[in-house]
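Those sequence lines, one after another, are chains A and B.
First residue of the first sequence? That's 86 in the numbering used here, and the numbers climb one at a time after it.
First residue of the second sequence? That's -14 in the numbering used here, and the numbers climb one at a time after it.
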Amino acid sequence: MTKELVVLSGKGGTGKTSLTACLARLAGGAVLVDADVDASNLPLLLGPDPKHREDFISGETARLDLSRCERCGVCAAACRFGALTEDPSGGPPRLDTTACSGCGVCLRVCPRDAFTLVPRRAGQWHASRTAFGPLLFAELEPGQGHSGKLVSLLKETARGLAEKSGYERILVDGPPGVGCPVHAALSGADRLLLVAEPGVSSLHDAERVLGLADHFGVAACLCVNKWDLDPEGAEKLESMARSQGVLVMGRIRYDPAFQDAIHHGRDLLVEDPTRPAAAEVTALWNSLEPFV
Amino acid sequence: MTGKAPAMIAVVSGKGGTGKTTVSVNLALTAPFPVALLDCDVEEPNSSLTLRPEMEKTVPVTRPLPEIRMDRCTGCGACVEACRFNAVARTPSAPFVVPELCESCGACLRACPAGAIEESPQEVGTISEGRRGTIHFAQGTLHLGHTQGPTVIRALKRTAPPGHCTLLDGPPGASCPAVATLRGCAYALFVVEPTRFGLHDLEVVSKAARILGVPGGIVLNRARGGDGGLGPFAASLGLEILCSLPEEKRFAEAGLKGIPLVEAFPETRSFFLRLWDRLPVRAGVPT
């Protein structure tokens, strides 16, 4: 039975991707998913060997046949997404495909049938091989949405792969925030590893993520990264976590070697395994392992 | 920009944790004229933790959610067919709307021949407004479990006081929330950490800004030595590097404690004043 661990933070920049790469190594093989499809960084650390690439077609977008348009302005008035704006000089409306939701209301209201809906290419996704197992990642087209659907697609593909190839674990490197892609990352996960840094912002944001995890019925663990930058803040995070029944899994100190590792395109454990932070990451995995 | 519409500067990054809030808050505190600061990271708004404004009021943000009236529904299924998001589910009795999938487009309403669909406001978040000195502050907060972040962002931007230069503390990423923040802005200020991740993500979000027709520039944060040779890379994206804030442990510590840099270290005021100076006039900044 495959277990799925999702790594989230709420606040960005706390070290999710750096830690996920280390955990991938320590796990000795897993299906890996980079669910931060807006800004996919895990591939930069794992040197993936690409195997398969596919367009991500999601939803539709409107297309306007200018030759049929009679500049009546009905479409612009009906569009609730601001995707159609009237031309003040009397020309045809301007269609902003980044704002268009593909709802088709413009089709309905246009008296000249000047609109069609066409499939929307919202991005692309990749299946690849790394030293630690298959890696699924993606890039959204700039300005496009549907990030939640893309994450769901990656996770579904990961599950299929895990079952077919006999992997016991799926590790999901999540995006910041608590929006659509985070919902998709949490959905169906067995456990959440919340990577937080001490400090007022991270504490506030972590509480929101834990609330969402609760909503999705995903049990959570906490790791405080860069804890020594604010030991008092680290204590506050751990107290907050305990009060919510979240398991406190360990602390990792701030270490510039993490950035050196990123610069060299690899994880800390191979960048410099002698660092105390490397031992702390290993300890984190040892605590986490029984739960995934 | 006309005199009426507030000039908006979106502070974005692509990568999370690069210092958007640090830059937004400290710019607001050093502005040589009245500014508004709008926290558009509605999933995780936290600029108020550092700015510490006096909050004055909170109002709900709603979106129209359709409901099918059983007493009027004829079971024709036109609404089910009309919905492009599979948000209207067919049942043996009357269809019903699945709120999590509904985009509030109004297609079902328009399709219904029996006038059986009515919309009522569904609360998806809140906007809170306040002040700190002459700084007008507002933040949007998306209710947990909801996904209409852009709806909250759009409503928040509409509260910008006319005639004020308005800073938008943006969300990370480059999809819907970042796009909703960037849309219609006069300028995008990219807060960039010069690391592989930071530069990779800058490329993505700057493409989004370009597609939206928003010009921009870069402020480097946690820079190690000048602009680190990033000039050519920035130029390849059509961006100028305006300023560089160095990496200092004491800055990080103040940030974690929620103390604005210009309060903890008054000598940093000159950095932010210089940044104001370098922001292009076409962002509508009054001279």
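All residues carry an ideal CB built from backbone N, CA and C; glycine is no exception.
Residue i versus residue j: straight-line alpha-carbon distance, rounded
i, j, result
"residue 199 of chain B", "residue 142 of chain B", "16 Å"
"residue 360 of chain A", "residue 312 of chain A", "15 Å"
"residue 122 of chain A", "residue 30 of chain B", "21 Å"
"residue 121 of chain B", "residue 364 of chain A", "47 Å"
"residue 293 of chain A", "residue 279 of chain A", "11 Å"
"residue 8 of chain B", "residue -4 of chain B", "8 Å"
"residue 290 of chain A", "residue 101 of chain A", "14 Å"
"residue 348 of chain A", "residue 337 of chain A", "20 Å"
"residue 249 of chain B", "residue 234 of chain B", "13 Å"
"residue 254 of chain A", "residue 113 of chain A", "10 Å"
"residue 245 of chain A", "residue 86 of chain A", "12 Å"
"residue 171 of chain A", "residue 170 of chain B", "19 Å"
"residue 231 of chain A", "residue 208 of chain A", "9 Å"
"residue 196 of chain A", "residue 73 of chain B", "25 Å"
"residue 175 of chain B", "residue 230 of chain B", "13 Å"
"residue 172 of chain B", "residue 165 of chain B", "14 Å"
"residue 117 of chain B", "residue 296 of chain A", "30 Å"
"residue 259 of chain A", "residue 320 of chain A", "24 Å"
"residue 81 of chain B", "residue 238 of chain B", "52 Å"
"residue 356 of chain A", "residue 110 of chain B", "44 Å"
"residue 271 of chain B", "residue 67 of chain B", "Reliability of the predicted coordinates at residue 271 of chain B is poor, the pLDDT of 48 falling under 50, and the value obtained from them is presented with this limitation in mind. Answer to the nearest angstrom: the Cα atoms are 48 Å apart."
"residue 261 of chain B", "residue 369 of chain A", "44 Å"
"residue 105 of chain B", "residue 51 of chain B", "6 Å"
"residue 251 of chain B", "residue 259 of chain B", "14 Å"
"residue 209 of chain B", "residue 345 of chain A", "13 Å"
"residue 89 of chain B", "residue 46 of chain B", "14 Å"
"residue 213 of chain A", "residue 236 of chain A", "16 Å"
"residue 182 of chain B", "residue 54 of chain B", "51 Å"
"residue 84 of chain B", "residue 136 of chain B", "15 Å"
"residue 5 of chain B", "residue 263 of chain B", "17 Å"
"residue 1 of chain B", "residue 165 of chain A", "30 Å"
Chain-order list of residues whose beta-carbon lies under 8 Å from that of residue i (same chain, five-residue window excluded)
i, result
"residue 177 of chain A", "149, 151, 154, 156"
"residue 350 of chain A", "129, 130, 132"
"residue 215 of chain A", "109, 117, 131, 132, 133, 134"
Per-residue DSSP class, three states only, for residue i
i, result
"residue 181 of chain A", "coil"
"residue 254 of chain A", "strand"
"residue 446 of chain A", "Only positions 86 to 377 of chain A appear in the structure, and residue 446 of chain A is not among them; the question remains open."
"residue 377 of chain A", "coil"
"residue 122 of chain B", "strand"
"residue 222 of chain A", "strand"
"residue 145 of chain B", "coil"
"residue 242 of chain A", "helix"
"residue 150 of chain B", "strand"
"residue 167 of chain B", "helix"
"residue 367 of chain A", "helix"
"residue 190 of chain A", "helix"
Residues that DSSP places opposite residue i in a beta bridge
i, result
"residue 250 of chain B", "None; residue 250 of chain B has no bridge partner."
"residue 139 of chain B", "According to DSSP, residue 139 of chain B bridges with nothing at all."
"residue 211 of chain A", "A/138, A/222"
"residue 116 of chain B", "B/39, B/121"
"residue 111 of chain B", "B/45, B/126"
"residue 93 of chain A", "A/279"
"residue 105 of chain B", "B/50"
Close-in-space but distant-in-sequence residues of the same chain around residue i (CB under 7 Å, 5 per side omitted)
i, result
"residue 194 of chain A", "159, 160, 163"
"residue 71 of chain B", "86"
"residue 216 of chain B", "226"
"residue 339 of chain A", "311, 313, 314"
"residue 224 of chain B", "175, 191, 201, 202, 203"
"residue 182 of chain A", "146"
"residue 449 of chain A", "The question about residue 449 of chain A has no answer, for chain A in this structure spans 86 to 377."
"residue 334 of chain A", "306, 307, 308, 369, 372, 373"
"residue 75 of chain B", "62, 65"
"residue 105 of chain A", "92, 127, 256, 258"
Same chain only: Cβ atoms within 6 Å of residue i, ignoring 5 sequence neighbours per side
i, result
"residue 58 of chain B", "79, 101"
"residue 201 of chain A", "148"
"residue 376 of chain A", "276"
"residue 115 of chain B", "38, 39, 40, 41, 122"
"residue 207 of chain B", "178, 232"
"residue -1 of chain B", "159, 186, 187, 189, 190"
"residue 96 of chain A", "286, 287, 290"
8 Å Cβ cut-off: residues of chain D touching residue i
i, result
"residue 290 of chain A", "Looking at the structure shown, chain D is missing, and the protein chains on hand are A and B."
- [ ] Go through the stretch 174 to 234 of chain B residue by residue and report every complete run of the beta strand (DSSP E) that reaches 3 residues or more, in order.
- [x] 201 to 208, 225 to 231
Task: Segments of 4+ residues assigned as alpha helix (DSSP H) that fall wholly inside the stretch 69 to 103 of chain B - done: 92 to 96
Open item on the list: As an exercise, report each continuous beta strand (DSSP E) stretch of at least 3 residues that is fully enclosed by the stretch -4 to 74 of chain B, in chain order.
Closed with: 20 to 24, 39 to 53
Task: Ordered list of beta strand (DSSP E) runs contained in the stretch 102 to 166 of chain A, each at least 3 residues - done: 116 to 119, 134 to 149
Open item on the list: List, from N- to C-terminal side, the alpha helix (DSSP H) runs of 4 residues or more that fit wholly inside the stretch 270 to 311 of chain A.
Closed with: 285 to 300
- [ ] Report the residue ranges of all beta strand (DSSP E) runs contained in full by the stretch 319 to 360 of chain A; include only those spanning at least 3 residues, in chain order.
- [x] 332 to 337
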